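Quick note: the sequence shown uses the numbering used here, first residue 429, plus one each step.
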Amino acid sequence: MAIKKQKSKIKVAVIGSSRYDEIDDVHRKIAYDIGRAIADSECILLTGGGKGVSEFVANGAIENGGLCIGISPADSYKNHVDVFKNPAHVFDALIFTGFGHKGRNVVLIRSCDIVIALDGGVGTLNELTIALDEGKDIGILSGSGLILNYFLDFYNKISNQRKFNGSVIVKDKPKELIKALIELHLEDRN
429 MAIKKQKSKI KVAVIGSSRY DEIDDVHRKI AYDIGRAIAD SECILLTGGG
479 KGVSEFVANG AIENGGLCIG ISPADSYKNH VDVFKNPAHV FDALIFTGFG
529 HKGRNVVLIR SCDIVIALDG GVGTLNELTI ALDEGKDIGI LSGSGLILNY
579 FLDFYNKISN QRKFNGSVIV KDKPKELIKA LIELHLEDRN
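Right, dumping it as structure tokens:
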């Protein structure tokens with residue numbers, strides 16, 4: 429029996445704050461809407477497998493028929509839940525890296541085709557710089573938050589001096605952002 433070759437689905441990593449106190453109701457809805465837009469686009473959602481943005485975006489994808497894979501910093505389910513205090517029930521599958529947060533960030537970014545950033549802190553900034561270095565296309569929803577404004581200022585200054593293989597796109601609406609990133613990725617792939 430011959431195996432039918434399929435086109436690989438686009439993998440979209442969504443990164444952002446894991447702290448509930450940093451995410452108001454507006455940003456929870458934005459994360460959910462991003463997840464829904466990823467599901468509607470038939471892409472696979474990858475997250476850091478944690479609380480906050482990862483959880484809210486996963487709910488948006490899964491509740492709308494999408495697939496979500498969490499890339500965990502832990503080395504086991506038990507440590508994912510007990511040591512890192514992360515939810516497990518909101519992801520279709522978890523991949524346990526055992527590398528802690530910073531090592532997990534590298535695995536997450538290298539595993540995806542596209543990165544979407546919602547506001548966060550130093551961890552999100554770390555993921556963004558890895559994405560730049562890895563040549564990933566990065567999408568930012570305008571008005572997403574302060575750390576992303578700092579990142580955009582940095583990117584605009586440094587991109588005049590250094591060439592990056594990926595692009596940074598800013599859009600106003602989740603569906604517009606996903607559509608633009610997918611089009612850019614498909615252009616790059618051909």
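For each residue, glycine too, the CB sits at the ideal point set by N, CA and C.
On a predicted model such as this, the values are computed, not experimentally measured, just so you know.
Annotation for tyrosine 578: no residue places its beta carbon closer than 7 Å to its own, counting only its chain and skipping 5 residues before and after.
Counted as a single uninterrupted DSSP element, the beta strand (DSSP E) harbouring glycine 498 occupies residues 495-500.
A residue is called buried when at least 16 other Cβ atoms come within 10 angstroms of its Cβ; glycine 463 meets this threshold and is buried. Bounds of any beta strand (DSSP E) do not take in alanine 559; it lies within the alpha helix (DSSP H) bounded by 550-561.
Here histidine 455 really is in contact with leucine 546; their C-beta atoms are around 7 Å apart, less than 8 Å.
When the alpha-carbon of alanine 502 is set against those of Glu604, Ala489 and Ala516, the nearest one is in Ala516. Lysine 603 and alanine 465 have their alpha carbons spaced roughly 5 Å apart. Under the three-state reduction of DSSP output, isoleucine 438 falls in the coil class, being neither helix nor strand. Non-local beta-carbon contacts of alanine 521 in its own chain, meaning distances under 6 Å to residues more than five positions away in sequence, involve Ile497 in chain order. With 16 or more other Cβ atoms inside 10 Å of its own Cβ, serine 446 counts as buried. With a cutoff of 7 Å on beta-carbon distance, leucine 473 and glycine 444 are scored as not near each other. By the Cβ neighbour-count rule, leucine 574 is exposed, with fewer than 16 other Cβ atoms within 10 Å of its own.
In the DSSP annotation of this structure, the continuous segment of the alpha helix (DSSP H) that includes isoleucine 586 starts and ends at 574-586. Remark: C-beta atoms of alanine 467 and alanine 486 do not approach each other more closely than 7 Å. A straight-line Cα-Cα distance of about 11 Å links arginine 532 and glycine 551.
Bridge partners of isoleucine 458 according to DSSP: none are assigned. Within 10 angstroms of the beta-carbon of aspartate 600 lie fewer than 16 other beta-carbons, which makes it exposed.
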